[in-house]
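In my numbering, the protein residues as written are 2 to 379.
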């Protein structure tokens, strides 16, 4: 039996992974489950899957869960979790925690020498070189679970990088597709949360609406596949069917297509194969389905985002941390209706270039830099 740990098991991606694993319970031993505070869902998942350990980042949720007296060991701090990983690693780790609050867990899994299914984009945005160096030196197998990066994972395995002219990852355009910044600057959270093709958590849905999520994914792609930043770009693909395109030197283009679902990359990562069962449920039938494919350019009035993104890809250091932290703060304010949609961009543009840029070589340096950013903004 394979041991599996899931960081973010009550989130959108974690619950999809568990839906897949329901049919394969006899093949897995459920090890460490990590979440924030969704107590009701955590209780039902623990009763069904019987993990050995559970960790809540929310202290109140942890206290209340302990009162349930379920047959699972509740870990008291994140250091206990990393210790378990280091001493007796699972065979598979799914890192699907939103944001970068549990970065220690992704790093511990990267050091494991086992398999890491990575769906935590901020970890690569803020600490990509360190994580990928750790994966390489530890012999850990890394499979990206984002649809765009999984499509590149599939395509690049069959291509010589020297033959590549350009790589495009695609964005749906979100709920404000085709509208310029002037038209959407006063939109509120209730409008931005209406994503046309993907069902995701609130934060990532807002990031999709601003297109910042796609900038993060461009940075991810650079680190995941050691790509030349100048060869990376973004196109808008409203149907979310084309996930990436690779233009070759001879002018031909290879594209990866599938329905907008995370089940395909998750199933591949969890089950080590391209499942016929997945095909039956999520097949993109090119001959029966009515498919309308469109491609559009990245909006000109948001090119400042790409300027920041390219600086991060080329120069690294604390730049990704600054970008991600500013975005996190702005999105939190927006979700609380404290600022309007256009203010997210203004907050980032007005602050990003004001911070001192420096190298980050350890997790301690990263934590210190994060604290400095927060203190300067308060």
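Note that the Cβ used here is the ideal one computed from N, Cα and C, for glycine as well.
Report the rounded CA-to-CA distance for residue 223 versus residue 62, giving the unit in angstroms.
Residue mapping note: residue 223 aligns to position 222 of the chain shown, counting from 1. Residue mapping note: residue 62 aligns to position 61 of the chain shown, counting from 1. The C-alpha of residue 62 is placed about 37 angstroms away from the C-alpha of residue 223.
Counting C-beta neighbours from all protein chains within 10 Å, is the total for residue 295 16 or more, i.e. buried, or is it exposed?
Residue 295 sits at position 294 when you count from the first residue of the chain shown. Counting Cβ neighbours within 10 Å, residue 295 comes out exposed, since fewer than 16 surround it.
Return helix, strand or coil for residue 150, following the three-state DSSP convention.
On the chain shown, residue 150 is found 149 positions in, with the first residue counted as 1. DSSP places residue 150 in helix when its eight states are reduced to three.
Where residue 206 falls: helix, strand or coil (DSSP)
Your numbering for residue 206 matches position 205 in the chain shown. Three-state result, residue 206: helix.
Whole beta strand (DSSP E) runs in the region 192-258 with 3 or more residues, listed along the chain?
If only complete runs of 3 or more residues are kept, the region 192-258 shows the beta strand (DSSP E) at 233-237, 243-249 and 254-258, in order along the chain.
Separation of residue 78 from residue 89, as counted between CA atoms:
Here the question's residue 89 lines up with position 88 in the chain shown. Here the question's residue 78 lines up with position 77 in the chain shown. Their backbone Cα atoms lie some 17 angstroms apart in a straight line.
When you measure from the CB of residue 307 to every non-hydrogen atom of the ligand GDP, does any distance come out below 7 angstroms?
Among the ligands in the structure shown, none appear at all, so the ligand GDP cannot be discussed.
Would you mind reading off the limits of the beta strand (DSSP E) that contains residue 117?
Along the chain shown, one-based indexing puts residue 117 at 116. That run of the beta strand (DSSP E) goes 116-119.
Taking the beta carbon of residue 354 as the centre, do at least 16 other beta carbons fall within 10 Å, making it buried, or is it exposed?
Translated into positions along the chain shown, residue 354 becomes position 353. It counts as exposed.
Indicate the three-state DSSP secondary structure (helix, strand or coil) for residue 38 in the structure shown.
By one-based count along the chain shown, residue 38 stands at place 37. Secondary structure of residue 38 (DSSP, three-state): coil.
When you compare each of 225, 217, 250 and 249 to residue 235 by their alpha carbons, which one comes out closest?
Indexing the chain shown from 1 puts residue 235 at position 234. Shortest Cα-Cα distance from residue 235 to any of 225, 217, 250 and 249 involves 217.
Among 162, 174, 83 and 32, which one has its Cα closest to the Cα of residue 52?
Within the chain shown, the letter at position 51 stands for residue 52. With distances taken between Cα atoms, residue 52 lies closest to 32.
Between the region 295-313 and the region 171-182, can you find at least three pairs of beta-carbon atoms closer than 8 angstroms?
Counting Cβ pairs under 8 angstroms, three or more are found: they touch.
Evaluate residue 2 with the Cβ neighbour count: other Cβ atoms within 10 Å of its Cβ, from every protein chain shown; 16 or more gives buried, anything less gives exposed.
Position 1 of the chain shown holds residue 2. With fewer than 16 other Cβ atoms within 10 Å, it is exposed.
Leaving out the 5 sequence neighbours to the left and right, which residues in its chain are closer than 6 angstroms to residue 118 when beta-carbon positions are compared?
To locate residue 118, count along the chain shown from 1; it is residue 117. Contacts found: 95, 144, 146 and 270.
State whether the region 342-362 contacts the region 314-331, with contact taken as three or more CB pairs (one from each stretch) at a distance under 8 angstroms.
Yes, they touch.
Could you give the uninterrupted runs of the beta strand (DSSP E) lying entirely in the region 162-194, keeping only those of 3 residues or more?
Correct list: 165-172.
What number of angstroms, rounded off, separates the C-alpha of residue 173 from the C-alpha of residue 202?
Within the chain shown, the letter at position 172 stands for residue 173. Within the chain shown, the letter at position 201 stands for residue 202. So the alpha carbons of these two residues sit roughly 16 angstroms apart.
Kindly confirm or deny that the region 333-341 and the region 368-379 touch, where touching means at least three C-beta pairs closer than 8 angstroms.
Touching, no.
On the three-state DSSP scale, how would you describe residue 124?
Numbered from 1 along the chain shown, position 123 holds the residue referred to as residue 124. Looking at residue 124 - three-state DSSP - the assignment turns out to be helix.
Measure the alpha-carbon distance for residue 364 versus residue 292 and round it to whole angstroms.
Along the chain shown, read from residue 1 onward, the residue named residue 364 stands at position 363. Along the chain shown, read from residue 1 onward, the residue named residue 292 stands at position 291. Taking the straight line from one Cα to the other gives about 46 angstroms.
Classification of residue 104 by the beta-carbon crowding that lies within 10 angstroms, buried from 16 upward:
Against the chain shown, residue 104 aligns to sequence position 103. That one is buried.
List the whole-angstrom C-beta distance separating residue 112 from residue 92, where the pair is believed to meet the contact cut-off of C-beta under 8 angstroms.
Taking the first residue of the chain shown as 1, we reach residue 112 at position 111. Taking the first residue of the chain shown as 1, we reach residue 92 at position 91. The Cβ separation is near 15 angstroms, so there is no contact.
Taking one C-beta from the region 63-76 and one from the region 39-49 each time, how about it: are there three or more such pairs within less than 8 angstroms?
Output reads yes: the region 39-49 touches the region 63-76.
Three-way DSSP call (helix, strand, coil) for residue 25 in this model
What you label residue 25 is simply residue 24 of the chain shown in a count that begins at 1. Here residue 25 sits in helix by DSSP.
Tell me the DSSP secondary structure of residue 266 in three-state form.
In the chain shown, counting from the first residue as 1, residue 266 sits at position 265. Helix.
DSSP puts residue 143 in a beta bridge; with which residues?
The count along the chain shown starts at 1 and reaches residue 143 at position 142. Assignment of beta-bridge partners to residue 143 by DSSP yields 117.
Rounded to whole angstroms, what's the CA-CA distance from residue 260 to residue 76? Just pull it up for me.
One-based indexing of the chain shown puts residue 260 at position 259. One-based indexing of the chain shown puts residue 76 at position 75. Taking the CA atoms as reference points, residue 260 sits about 38 angstroms from residue 76.
Would DSSP call residue 54 helix, strand or coil?
In the chain shown, the residue the question calls residue 54 occupies position 53. Residue 54 falls in the strand class under three-state DSSP.
Reference residue 239; option with closest CA among 250, 232 and 209
Taking the chain shown and counting its residues from 1, one reaches residue 239 at position 238. Closest in alpha carbon position to residue 239, among 250, 232 and 209, is 209.
C-alpha gap between residue 188 and residue 348, whole angstroms:
Counted from its first residue, the chain shown places residue 188 at position 187. Counted from its first residue, the chain shown places residue 348 at position 347. Whole-angstrom Cα-Cα distance: 16 angstroms.
Rounded to a whole number of angstroms, what is the C-alpha to C-alpha distance between residue 20 and residue 43?
Against the chain shown, residue 20 aligns to sequence position 19. Against the chain shown, residue 43 aligns to sequence position 42. Residue 20 and residue 43 have their C-alpha atoms some 14 angstroms from each other.
Per DSSP, the bridge partner or partners of residue 298:
Taking the chain shown and counting its residues from 1, one reaches residue 298 at position 297. DSSP output for residue 298 lists 236 as bridge partner(s).
DSSP three-state assignment for residue 75, whether helix, strand or coil
Numbered from its first residue, the chain shown carries residue 75 at position 74. Three-state result, residue 75: strand.
Going straight from the alpha carbon of residue 170 to that of residue 25, what length do you get?
Locating residue 170 in the chain shown gives position 169, where the first residue counts as 1. Locating residue 25 in the chain shown gives position 24, where the first residue counts as 1. Annotation: residue 170 to residue 25 spans about 32 angstroms, alpha carbon to alpha carbon.
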